[in-house]
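A short worksheet on the structure shown next.
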Amino acid sequence: MRKISGTEKTFKQLLQNTKYSIHYYQREYAWQYKQVQELIDDLTDEFLNWYDPEHERTDVANYGVYFMGSVVLAGRENAIIDGQQRLSSLSLLLIYLRRRLLGMGVTIATVDQMIYSEAFGSASFNIFVEDREPCLRALNDGKDFDPEGYGESVKNLYARYQDICDLFPEEIDDKALPYFADWLTEKVYFIEIVTETEQDAHKVFVSMNDRGLSLTSAEMLKGYLLSEVADDKRREKLNDAWKAKMLALKELGKSEEEDCIKAWLRAKYAETIRENKKGAKPEDFDLIGGSFHKWVRDEHARLGLNSSDDFERFIEEFCKFADIYIRIKRREWTFDEKQPYLYYNAALSFTLQSQLCLAPIRTEDVGDTIERKILLVSRFIDILIYTRAVNYRSMDYSTIKYAMFQLTKRIRGLDVDQLAAQLGKEVADLGMSIEDAWGDFRLNFYTKKYIRHMLARITDYVERGCDQPGHYLDYVAIKSKRPFEVEHIITDHFEWYQDEYGSREEFDATRNRPGNLLLLDKSTNASINDDRYPQKLPVYGSEKGNALSAALVAASYQHNPRFLKFMGETGFAFKPYDTFSRDEIAERSLLVESLALALWTPDFDKLAASGLEA
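Numbering (our numbering), first residue to last: 1363 to 1976.
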């Protein structure tokens, strides 16, 4: 191996006006929601530990630093051998910051120069991969982009950008955003390791990742717990049980064994969480998220771990809750009619569901009791998500984790009836409702995914009410060959409607009301996208439409006894429309509201009485 150099560099020094390549065999960008969530949470939490609204931007110079690890580069090409996942994700974060800052009328040249720069008379992104360019250009310019037809890397990049938009915390508001941009570029550090050849770079990479494999926190927790079990035979039996659960959790996916332990400990034992203010120290919730084996060891007395029997009980308890966790996770990924809300909530990336669902379950609970508690909690989450969405309240992890942890403690160990009553109180105490905020609810960048899922649920509800198969899973399946999209009933041609609307802004606001929205598959939506309403009606009433779109068509009210029966039993004010304008949109928005209230009005007492034996 020839010369190797390692240099401490800020994020700005690493990326500003510097081009990097990624070789074809390392080009796949594979990060998922979880990795981006951890990145955003780590960075923003560290920044908020230092930020004070009373500070000037110059005060950021005195903020603490954050170490992002090493990047390994090779040769004259500046090829990234190790670190492209982090750097690609951070580039997406820079694009997000740039778009928000531009919307505020603020330009930070450093941020621009870290995203793209000019070389040989041509401007391109600093981390250059040719097939990513169209996607990154669209994101950087704030334009729509359809990832369909592109490879997995591009699809992942596009999806992770949407995740960043959702995950970025509300606490970093417009005032704080330039401060955060400064801190990110100047106070986040890397170690840049540069080798002369690519072969040497790979040797460094292998040496850094293959030698001295350390035990995971889960393995160290097992070692600690088993070491306190006095009886050899019991220890062996408990070790086998632990290993079996770890294997089952690993089969779920990467890091699931660690995530399960964190969810269990937070659900059942954590009492404190770090306050979101400068200088606040990590507490139970936060420490469990790091080295939970150390937290258990340090807090063993508080956890009741004093004798060999206590440690045996603790391991047995984990094994039981691991089984429940696995059950929850499988239902998050595969729709279960008995536990539908687990799937609904996971589809909207609510990541604290396992923690909340485990909280009320007691060690002695079995079968139906466990199922009903999971149903009640997941139903509450379902109502919470849509209530906050309609009220334009963020559901990102950093915003809600404190409130969800406090809820975790309030529902911990409750019986079924107590849980139902408490969750009803929690909804009442939200201080917001779907009904009160509906008049201002619109389709926009923030609400897009929630409205898409809301329309999927409503359409499915109408279909099932008419004794037809529900198609919710089809409506939300992004990766299907014919994914469904939100369709505007009134086409985006302001010039057609100038006499009716005083301004473009008024037209857009009305057009984005729920009453003007449907779900149609992508190809159908594209085929009628530029048509006037009368031309769209035949499609709405055809096999290319659905129960909700067909309700706009007069023929749907003829010789359709199941639909008429559904209307009669529910009282929903369905009616056909020959024309569709401002008044019709307002009227139909009230209909959609009544359907939404039917789906998201609390029904905890009813669910508590249901029988759900698994």
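Built from N, CA and C at the ideal position, the CB exists for glycine as well. Predicted model, so just to flag it, every value in this text is computed and none were measured.
If we ignore side chains and look at the alpha-carbon of each, how far apart do residue 1701 and residue 1687 end up? Indexing the sequence shown from 1 puts residue 1701 at position 339. Indexing the sequence shown from 1 puts residue 1687 at position 325. Distance from the CA of residue 1701 to the CA of residue 1687, rounded to the nearest whole angstrom, comes to 14 Å.
In the structure shown, what three-state DSSP assignment does residue 1970 receive? One-based indexing of the sequence shown puts residue 1970 at position 608. When secondary structure is reduced to three states using DSSP, residue 1970 falls in the helix class.
Indicate the three-state DSSP secondary structure (helix, strand or coil) for residue 1939 in the structure shown. Locating residue 1939 in the sequence shown gives position 577, counting from the first residue. If DSSP states are grouped into helix, strand and coil, residue 1939 belongs with coil.
Between the Cα of residue 1447 and those of 1515, 1410, 1798, spot the shortest distance and give me the residue it belongs to. Within the sequence shown, numbered from 1, the residue matching residue 1447 stands at position 85. It is 1515 whose Cα lies nearest to the Cα of residue 1447.
So residue 1398 and residue 1499 are in contact, right, with Cβ under 8 Å, and what is the actual spacing, rounded? Within the sequence shown, the letter at position 36 stands for residue 1398. Within the sequence shown, the letter at position 137 stands for residue 1499. At roughly 21 Å, the Cβ-Cβ gap does not stay under 8 Å, so residue 1398 and residue 1499 are not in contact.
Helix, strand or coil for residue 1391 per DSSP? In the sequence shown, residue 1391 corresponds to position 29, counting from 1. DSSP places residue 1391 outside both helix and strand once states are collapsed to three, so it counts as coil.
What distance in whole Å lies between the Cβ atoms of residue 1748 and residue 1962, which are believed to be in contact at a cut-off of 8 Å? Taking the sequence shown and counting its residues from 1, one reaches residue 1962 at position 600. Taking the sequence shown and counting its residues from 1, one reaches residue 1748 at position 386. Right, their Cβ atoms sit about 5 Å apart.
Run of the beta strand (DSSP E) containing residue 1556, from where it starts to where it stops: Position 194 of the sequence shown, counted from the start, is the residue given in the question as residue 1556. 1550 to 1557 is the span of the beta strand (DSSP E), which, as asked, contains residue 1556.
What are the start and end residues of the beta strand (DSSP E) that includes residue 1430? Here the question's residue 1430 lines up with position 68 in the sequence shown. Per DSSP, residue 1430 belongs to the beta strand (DSSP E) from 1428 to 1436.
Distance between residue 1579 and residue 1653 (C-alpha atoms, nearest Å): By one-based count along the sequence shown, residue 1653 stands at place 291. By one-based count along the sequence shown, residue 1579 stands at place 217. Whole-angstrom Cα-Cα distance: 6 Å.
Pairing CB atoms from the region 1526 to 1541 with CB atoms from the region 1409 to 1429, are three or more of them under 8 Å? They touch, by the three-pair rule.
Whole-Å CB distance - residue 1915 paired with residue 1899, under 8 Å assumed: Here residue 1915 corresponds to residue number 553 of the sequence shown, with the count starting at 1. Here residue 1899 corresponds to residue number 537 of the sequence shown, with the count starting at 1. Indeed, because the Cβ distance is near 6 Å, the residues count as touching under 8 Å.
Residue 1846 - containing beta strand (DSSP E), residue span: In the sequence shown, residue 1846 corresponds to position 484, counting from 1. 1846 to 1850 is the extent of the beta strand (DSSP E) around residue 1846.
Excluding sequence positions up to five away, which residues of its chain have a Cβ less than 7 Å from the Cβ of residue 1673? Within the sequence shown, residue 1673 is the residue found at index 311, counting from 1. Correct list, in chain order: 1587, 1590, 1591, 1667.
Below 8 Å CB to CB, which residues in the same chain sit around residue 1727 once its five sequence neighbours on both sides are set aside? Position 365 of the sequence shown, counted from the first residue, corresponds to residue 1727. Excluding residues up to 5 positions away in sequence, 1735 lie with their Cβ nearer than 8 Å to the Cβ of residue 1727 in the same chain.
Looking at residue 1859: is its Cβ nearer than 9 Å to the Cβ of residue 1846? Counted from its first residue, the sequence shown places residue 1859 at position 497. Counted from its first residue, the sequence shown places residue 1846 at position 484. Going by C-beta atoms, residue 1859 is not nearer than 9 Å to residue 1846.
Identified DSSP bridge partners for residue 1368: Counting from one through the sequence shown, the residue named residue 1368 turns up at place 6. Its beta-bridge partners are 1555.
Quick one: what's residue 1478 bridged to in DSSP? On the sequence shown, residue 1478 is found 116 positions in, with the first residue counted as 1. Partner(s): 1487.
On the criterion of 16 or more Cβ atoms from any shown chain inside 10 Å, does residue 1766 qualify as buried, or is it exposed? By one-based count along the sequence shown, residue 1766 stands at place 404. Counting the other Cβ atoms within 10 Å of the Cβ of residue 1766 gives 16 or more, which makes it buried.
Assuming residue 1675 contacts residue 1650 under a Cβ cut-off of 8 Å, what Cβ separation, rounded to an integer in Å, is found between them? Numbered from its first residue, the sequence shown carries residue 1675 at position 313. Numbered from its first residue, the sequence shown carries residue 1650 at position 288. Taking C-beta atoms under 8 Å as the contact rule, residue 1675 and residue 1650 fail to qualify, at a distance of about 19 Å.
Enumerate in chain order the residues of its own chain whose CB-to-CB distance from residue 1825 is below 6 Å, with the five nearest sequence positions on each side excluded. Numbered from 1 along the sequence shown, position 463 holds the residue referred to as residue 1825. Scanning its chain for C-beta atoms nearer than 6 Å, with the 5 sequence neighbours on each side dropped, one finds around residue 1825 the residues 1832, 1909, in chain order.
Considering Cα atoms alone, identify which of 1814, 1497, 1530 is closest to residue 1450. Walking along the sequence shown from the start, residue 1450 turns up at place 88. The shortest Cα separation from residue 1450 among 1814, 1497, 1530 belongs to 1497.
Pick helix, strand or coil for residue 1623, following the three-state DSSP scheme. The sequence position of residue 1623 within the sequence shown is 261, counting from 1. Residue 1623: helix per DSSP, three-state reduction.
Should the region 1877 to 1893 be regarded as contacting the region 1808 to 1826, the criterion being three or more beta carbon pairs within less than 8 Å? Result yes; three or more Cβ-Cβ pairs closer than 8 Å.
I need the straight-line Cα distance from residue 1691 to residue 1493, nearest angstrom please. The residue you call residue 1691 lines up with position 329 of the sequence shown. The residue you call residue 1493 lines up with position 131 of the sequence shown. Put simply, the backbone Cα of residue 1691 is about 34 Å away from that of residue 1493.
Contacting residues, own chain, Cβ-Cβ under 8 Å from residue 1403 (five flanking each side not counted): Position 41 of the sequence shown, counted from the start, is the residue given in the question as residue 1403. Cβ within range, chain order: 1529, 1759, 1760.
Which whole runs of the beta strand (DSSP E) in the region 1792 to 1826 are 3 residues long or more, in chain order? The qualifying runs do not exist here; there are none.
Option nearest residue 1911 by Cα separation, candidates 1769, 1768, 1939: As a working mapping, residue 1911 is identified with position 549 in the sequence shown. Considering only alpha carbons, the answer is 1939.
Please report the Cβ distance between residue 1797 and residue 1959, rounded to the nearest whole angstrom; I am assuming they are in contact, meaning their Cβ atoms lie under 8 Å. Translated into positions along the sequence shown, residue 1797 becomes position 435. Translated into positions along the sequence shown, residue 1959 becomes position 597. Separation of the CB atoms of residue 1797 and residue 1959 is rounded to 6 Å, and the pair is thereby assigned contact status at 8 Å.
Should residue 1813 and residue 1848 be called a contact, given that it needs their Cβ atoms to be closer than 9 Å? Position 451 of the sequence shown, counting from 1, holds the residue named residue 1813. Position 486 of the sequence shown, counting from 1, holds the residue named residue 1848. Yes.
Those residues which DSSP pairs with residue 1706 across a bridge: Working through the sequence shown from its first residue, we reach residue 1706 at position 344. Note: residue 1706 is not bridge-paired with any residue in the DSSP secondary-structure output.
Would you say the region 1769 to 1778 touches the region 1716 to 1723, given that touching needs at least three Cβ pairs under 8 Å? Taking a cut-off of 8 Å on C-beta distances, the region 1769 to 1778 touches the region 1716 to 1723, as three or more cross pairs fall below it.
Using alpha carbons as the reference points, say which of 1842, 1440, 1875 lies closest to residue 1885. Here residue 1885 is taken as the residue at index 523 of the sequence shown, counted from 1. Nearest to residue 1885 by alpha-carbon distance, out of 1842, 1440, 1875, is 1842.
Beta-ladder partner(s) of residue 1382, from DSSP: Within the sequence shown, numbered from 1, the residue matching residue 1382 stands at position 20. DSSP, once it has assigned bridges, lists 1489 as partnering residue 1382.
Helix, strand or coil for residue 1452? Go by DSSP, reduced to three states. Taking the first residue of the sequence shown as 1, we reach residue 1452 at position 90. In the three-state reduction of the DSSP assignment, residue 1452 falls in the helix class, which pools H, G and I.
Looking at the secondary structure, which residues open and close the beta strand (DSSP E) in which residue 1534 lies? By one-based count along the sequence shown, residue 1534 stands at place 172. Where residue 1534 is concerned, there is no enclosing beta strand (DSSP E), given that its DSSP letter is neither H nor E.
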